[in-house]
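Numbering (our numbering), first residue to last: 21 to 433.
Let me begin by presenting the structure, written as structure tokens, before commenting on it.
Dropping the structure here:
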């Protein structure tokens, strides 16, 4: 049979899944968790916003190999497409922000590729990931089925069948390498606990910041529903908090739930913020939690965010754009590159010390440094393109050559 038949048999299931929809739904805490409800948690919203805006704001260029170096391929059609405007309705920032939001919430980002009559890619339109299913046809080729609203279709929806070449797809972390799983679905119970804590807090203040309880009456009540309604109207809600209750006819109020301090409400909410930050691998200080941050470590945490969080997402974007957007004829000459250097520069003094070392050791020129600082190059002839080294650094076999020369001796002897 051969090894390739093994892979073919393993790929036989047609539906490759569109994320982790089967894991969405009610969490163990009793709350319903999906992409929309999860975004109502401020920590989730903050993490998604930080990551989406970071990727969207990075400089993105298409480069062409030139000898042993590279240059920006500004004349290529794809350069303007991704650098400026992927479609007439979106800027590059908005497009990348939208795609990154889809990727963070559903585990996949899809865009429909539009071609002109010559076969050139001229536009990219994001597809809603919850309406995309990835399948294999009878010939084992990957296809995408997209459900979209159509008033003329039966039921108001129609399904479009798109080939692999018509879709720009960035998959997140997954099990089969073809589609990613939703981080929201995989962390459903952690998010559900955070949502339950928020719901508890909301209901606590809706009840006038008093725990729920029972009204006890020594006799037999003919209309207990009326008593409960009147009590709620008089003392329920935050607007009625701190009112003095007057109990008649031996009526007694007994609380039956734990107050928030005994239920460790604040500690639970604080822990869930760290859980969500851990899930997205975002430093807590970037979403407003400064408890563990200080002036001495916050810069290093920000640099670690670029190194260990953003770089992985950048690699997914660059490699997906290389394979899905560049024609095969261009893949030997061009490549995509995000510029993250600006996020790694550190404070002004650290940058200047680093530039001084690079300049004195001959691997950066004045113009190289000025370009990194967004400054114009020096005028021609001013020596901005010279690479210099410190004059007192010599090869070991030349040490003492100058002294021997003064004495009339030879350095090699």
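All residues carry an ideal CB built from backbone N, CA and C; glycine is no exception.
Here's a check: name, in chain order, each residue in its chain whose Cβ is nearer than 6 Å to the Cβ of residue i, leaving out the five neighbours to either side.
| i | result |
| --- | --- |
| residue 108 | none |
| residue 189 | 130 |
| residue 348 | none |
| residue 115 | 106 |
| residue 96 | 82 |
| residue 404 | 386, 387, 397 and 398 |
| residue 76 | 113, 116 and 117 |
| residue 358 | 78, 80 and 334 |
| residue 379 | none |
| residue 301 | 329 |
| residue 340 | 190 |
| residue 377 | none |
| residue 400 | none |
| residue 363 | 326 |
| residue 58 | 64, 204 and 211 |
Kindly give me the distance between the Cβ atoms of residue i and residue j, rounded to whole angstroms, as I take these residues to be in contact under 8 Å.
| i | j | result |
| --- | --- | --- |
| residue 150 | residue 142 | Actually they do not touch by this definition, with Cβ atoms about 27 Å apart. |
| residue 64 | residue 296 | 6 Å |
| residue 103 | residue 80 | 6 Å |
| residue 375 | residue 389 | 5 Å |
| residue 439 | residue 207 | This structure does not reach residue 439, given that the chain is present from 21 up to 433, and the question cannot be answered. |
Excluding the 5 residues flanking residue i on each side, which residues of the same chain have their C-beta closer than 7 Å to its C-beta?
| i | result |
| --- | --- |
| residue 342 | 351, 355 and 356 |
| residue 93 | 82, 83, 84, 99 and 354 |
| residue 74 | 330 |
| residue 111 | 105 |
| residue 499 | Because the chain here runs from 21 to 433, residue 499 falls outside it and cannot be looked at. |
| residue 167 | 151, 177 and 179 |
Does residue i pass the burial test, meaning 16 or more other C-beta atoms within 10 Å, or should it be called exposed?
| i | result |
| --- | --- |
| residue 56 | exposed |
| residue 346 | buried |
| residue 60 | exposed |
| residue 160 | exposed |
| residue 148 | exposed |
| residue 120 | buried |
| residue 372 | exposed |
| residue 195 | exposed |
| residue 91 | exposed |
| residue 174 | exposed |
| residue 185 | exposed |
| residue 431 | Residue placement at residue 431 is flagged as unreliable, the pLDDT there being 45, under the threshold of 50; the coordinate-derived value follows with that caveat. So residue 431 ends up on the exposed side. |
| residue 308 | exposed |
| residue 9 | Nothing can be reported for residue 9, as the shown portion of the chain is limited to 21 through 433. |
| residue 202 | buried |
| residue 193 | exposed |
| residue 5 | No answer is possible for residue 5: it lies beyond the span of the chain, which begins at 21 and ends at 433. |
| residue 200 | buried |
| residue 144 | buried |
| residue 402 | exposed |
| residue 158 | exposed |
To which residues of the same chain is residue i closer than 8 Å at the C-beta, ignoring the five residues directly before and after it?
| i | result |
| --- | --- |
| residue 324 | 303 |
| residue 451 | Nothing about residue 451 can be read from this structure; the chain reaches only from 21 to 433. |
| residue 360 | 78, 326, 330, 331 and 334 |
| residue 294 | 304 and 309 |
| residue 197 | 191 |
| residue 391 | 397 |
| residue 394 | none |
Inset, instruction - Evaluate the contact criterion for the segment 119–126 versus the segment 366–383: three or more CB pairs, one atom per stretch, below 8 Å. - result: no
Inset, instruction - Report yes or no: do the segment 317–331 and the segment 80–99 share at least 3 C-beta pairs separated by less than 8 Å? - result: no
Legend entry - Any 3 or more C-beta pairs closer than 8 Å across the segment 175–193 and the segment 128–140: yes
Inset, instruction - Evaluate contact between the segment 336–350 and the segment 60–69, counting only Cβ atoms and requiring at least three cross-stretch pairs below 8 Å. - result: no
Inset, instruction - With a floor of 3 residues, list each beta strand (DSSP E) that falls wholly inside the segment 119–160, ordered by position along the chain. - result: 128–135, 141–147 and 152–156
Inset, instruction - With a floor of 3 residues, list each beta strand (DSSP E) that falls wholly inside the segment 75–118, ordered by position along the chain. - result: As far as the segment 75–118 is concerned, its whole beta strand (DSSP E) runs of at least 3 residues are 80–86 and 89–92.
Inset, instruction - Output the residue ranges of the alpha helix (DSSP H) runs that lie fully inside the segment 346–419 and measure 4 residues or longer, sorted by chain position. - result: 368–380 and 386–392
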